[in-house]
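Under this note's numbering, the first residue of the sequence shown is numbered 37, with each subsequent residue one higher. From the three backbone atoms N, C-alpha and C, an ideal C-beta is built for every residue, glycine too.
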Amino acid sequence: MKKGRFTIVVADYHRKYADGMARAAHQVLQGHRVEEVRVPGAFEVPLAVKRALRKKPDAVLALGLVWQGETPHAGLILKAATDALMWMMLRSDTPVLHHLVGVKTEAQARARCLGRLNRGRE
37 MKKGRFTIVV ADYHRKYADG MARAAHQVLQ GHRVEEVRVP GAFEVPLAVK
87 RALRKKPDAV LALGLVWQGE TPHAGLILKA ATDALMWMML RSDTPVLHHL
137 VGVKTEAQAR ARCLGRLNRG RE
């Protein structure tokens, strides 16, 4: 089987959870060529994905966690990132796996980033 080339872009703002998703993604992609890029937060993920797509990988994984608080900030960040990732995927004809996870509770964060629902595995 041909080894694939993948880039994992990780929003590092909530490092504990970002590391959990990145570890899971690396496990799934074991045996393939994988480059990992870290950025400060979810808002910076699209720029890193854009740069990664220049190298023509088979796919790019966008990983990160956004806490939804009492203001609309998290929703705005997730919407902007989602729109940018979709546009780049369609324009490049390369899969961009969107795993920027919005959560409201610590339990949701643990389940989606560290537990059995870990988005890095999907």
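>> Could you check whether V137 and L97 sit closer than 7 Å to each other, using their CB atoms as the reference points?
In response: The answer is no: Cβ separation not under 7 Å.
>> Tell me which residues share the same chain as P108 and place their Cβ nearer than 8 Å to its Cβ, disregarding the 5 neighbours each side in the sequence.
In response: none
> So, using beta-carbon positions, are V45 and V64 closer together than 7 Å?
Replying inline: no
>> Check whether the stretch 49 to 58 and the stretch 146 to 158 touch, using three or more Cβ-Cβ pairs below 8 Å as the test.
In response: yes
> Grouping DSSP H, G and I as helix and E and B as strand, with all else coil, what is T43?
Replying inline: strand
>> Can you give me the C-alpha to C-alpha distance between T141 and S128, rounded to a whole angstrom?
In response: 35 Å
> Distance, Cα to Cα, T166 vs M125?
Replying inline: Nothing can be reported for residue 166: it is not among the residues displayed for the chain, which extend from 37 to 158.
> So is C149 in contact with chain B if we call contact Cβ pairs under 7 Å?
Replying inline: No chain B is part of this structure, which consists of one protein chain only.
>> Rounded to the nearest angstrom, what separates H135 and P93 at their Cα positions?
In response: 17 Å
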